[in-house]
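**Q**
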Amino acid sequence: MKQDQGILLESGTNELEIVEFGIGNNRFGINVIKVKEILNPQPVTKIPHSHKSVEGIIEIRGEVVPVVDVAHALGFSPSENPKQDKFILAEFNKTKIVFHVHTVTQIHRISWEQIEKPNKMYQGMETQITGVIKMDEDMLLLLDFEKVVADINPESSINAEQLRELGQRDRSQKKILIAEDSGMLRAMLQETLSEAGYENTISFEDGKEAYEHLEDLLDEGKTIEEEYQLIITDIEMPRMDGHHFTRLLKGHSDLSKLPVVIFSSLITDDLRHKGEIVGADAQVSKPEIVELVKIIDHHIL
1 MKQDQGILLE
11 SGTNELEIVE
21 FGIGNNRFGI
31 NVIKVKEILN
41 PQPVTKIPHS
51 HKSVEGIIEI
61 RGEVVPVVDV
71 AHALGFSPSE
81 NPKQDKFILA
91 EFNKTKIVFH
101 VHTVTQIHRI
111 SWEQIEKPNK
121 MYQGMETQIT
131 GVIKMDEDML
141 LLLDFEKVVA
151 DINPESSINA
161 EQLRELGQRD
171 RSQKKILIAE
181 DSGMLRAMLQ
191 ETLSEAGYEN
201 TISFEDGKEA
211 YEHLEDLLDE
221 GKTIEEEYQL
231 IITDIEMPRM
241 DGHHFTRLLK
251 GHSDLSKLPV
261 VIFSSLITDD
271 LRHKGEIVGA
281 DAQVSKPEIV
291 ELVKIIDHHI
301 L
């Protein structure tokens, strides 16, 4: 079953489609844009000394792809009916990965406004959940798949070591606003940009929070270009996604001059046009931090 219809969603409408899947009795979701295909389980070739959550590898149309046991990665019990399990072939961060889940049920079309941010109270799972969706007297959890993969393979995430190729950098007093829902990535991004010389960064957990902050500054009579010289935004965020956030910025007479860089795991050839439609000045795929710094150097006011 191919899942390409997510690409048909208009850019900047603050809507998304999610594939619902189950682990035991728990309901989870993954953005349909990340899903290439849903497959029945097939024999997996085990790899010696691999991470405990990695079952091994399989071949899909000539490509070798790792298989991640999502239940193990989340600390849940194995499947009670392995023959009924499903493999979700996903692609993000320019990488293909198979996620082994217990069931795949349906696709939901929802607004990002329906997705609540995780409460700090459930810290145990909070780092692996980016949103909570209330549905039919039940709850569906949006998993932070980047965090799941980064826990297994830290090198797949943002790495300050990569900045060495840029050589010695001057310190910059310019100020950057960051909208990113993953706490792990917010911290890593700010730390890495600081290494690159951009020490003045302010971060927000979603586009709505960031946009309201900018509007508050305008209400106070501030000149936005004096407060911030560039904006970096993720795409997938609760309440307001990055495409909608960018569209609002570029359609606002007092905010449109701010350069906007979309930094997301969803930057692919198929989806790049969505960022172009909403007016993004540049788009960079995670975790290409060196490319991001070069683009900041070029676009910052």
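For the sequence shown, full-length UniProt numbering assigns the number 1 to the initial residue and increments by one for each residue that follows. C-beta: ideal position from N, C-alpha, C; glycine also. Since the model is a prediction, treat every value here as computed from it, not as a measurement.
#1: Please return the same chain residues whose Cβ sits closer than 8 Å to the Cβ of Ile-176, not counting the five positions on each side in sequence.
#2: What three-state label does DSSP hand Gly-56 in the structure shown?
#3: Would you kindly report the start and end of the unbroken alpha helix (DSSP H) that includes Thr-192?
#4: Locate the beta strand (DSSP E) running through Thr-105, then write down its first and last residues.
#5: Taking DSSP as the reference, what is the three-state secondary structure of Ile-262?
#6: Are the C-beta atoms of Pro-41 and some chain C residue less than 7 Å apart?
#7: To test your reading of the DSSP string, which unbroken beta strand (DSSP E) runs of 3 or more residues are found completely within the region 114-155?
#8: Determine the burial state of Asn-31: buried for a count of at least 16 other Cβ atoms within 10 Å of its Cβ, exposed for fewer.
#9: In whole angstroms, give me the CA-to-CA distance for Ile-60 and Asn-26.
#10: So is Lys-94 buried or exposed if we call it buried at 16+ other beta carbons inside 10 Å?
#11: I need the straight-line Cα distance from Tyr-211 to Lys-250, nearest angstrom please.
#12: Buried or exposed: where does Val-64 fall if 16 or more other Cβ atoms within 10 Å of its Cβ makes it buried?
#13: So what's Leu-39 in DSSP terms, helix, strand or just coil?
#14: With a threshold of 6 Å on Cβ separation, who are the neighbours of Val-19 within its own chain once the five nearest residues in sequence on each side are excluded?
#15: So is Ile-262 buried or exposed if we call it buried at 16+ other beta carbons inside 10 Å?
#16: Between Lys-86, Thr-223 and Glu-205, which lies nearest to Asn-40 when the distance is taken from Cα to Cα?
#17: So what's Phe-76 in DSSP terms, helix, strand or just coil?
#18: From Val-184 to Glu-205, what does the alpha carbon distance come to, in whole angstroms?
**A** Considering the structure as presented:
#1: Excluding residues within five positions, the ones whose Cβ falls inside 8 Å are Leu-193, Tyr-198, Asn-200, Thr-201, Ile-202, Tyr-228, Gln-229, Leu-230, Ile-231, Ile-232, Ile-296 and Ile-300.
#2: In the three-state DSSP reduction, Gly-56 falls in the strand class (E or B).
#3: Boundaries of the alpha helix (DSSP H) around Thr-192: 183-195.
#4: Counting along the chain, the beta strand (DSSP E) containing Thr-105 begins and ends at 103-111.
#5: If DSSP states are grouped into helix, strand and coil, Ile-262 belongs with the strands.
#6: The chain labelled as chain C is not found in the depicted structure, where only one protein chain is given.
#7: Scanning the region 114-155 from its first residue to its last, the whole beta strand (DSSP E) runs of 3-plus residues come out as 129-135 and 138-143.
#8: Buried, by the Cβ-count rule.
#9: Whole-angstrom Cα-Cα distance: 28 Å.
#10: Lys-94 comes out exposed.
#11: About 12 Å.
#12: Exposed: under 16 other Cβ atoms inside 10 Å.
#13: If DSSP states are grouped into helix, strand and coil, Leu-39 belongs with the strands.
#14: Ile-30, Val-32, Val-35 and Ile-107, listed in sequence order.
#15: Label assigned to Ile-262: buried.
#16: With distances taken between Cα atoms, Asn-40 lies closest to Lys-86.
#17: Phe-76 sits in coil when the DSSP states are folded into three classes, being neither helix nor strand.
#18: According to the sequence shown, residue 184 is Met rather than Val. Met-184 and Glu-205 have their C-alpha atoms spaced approximately 11 Å apart.
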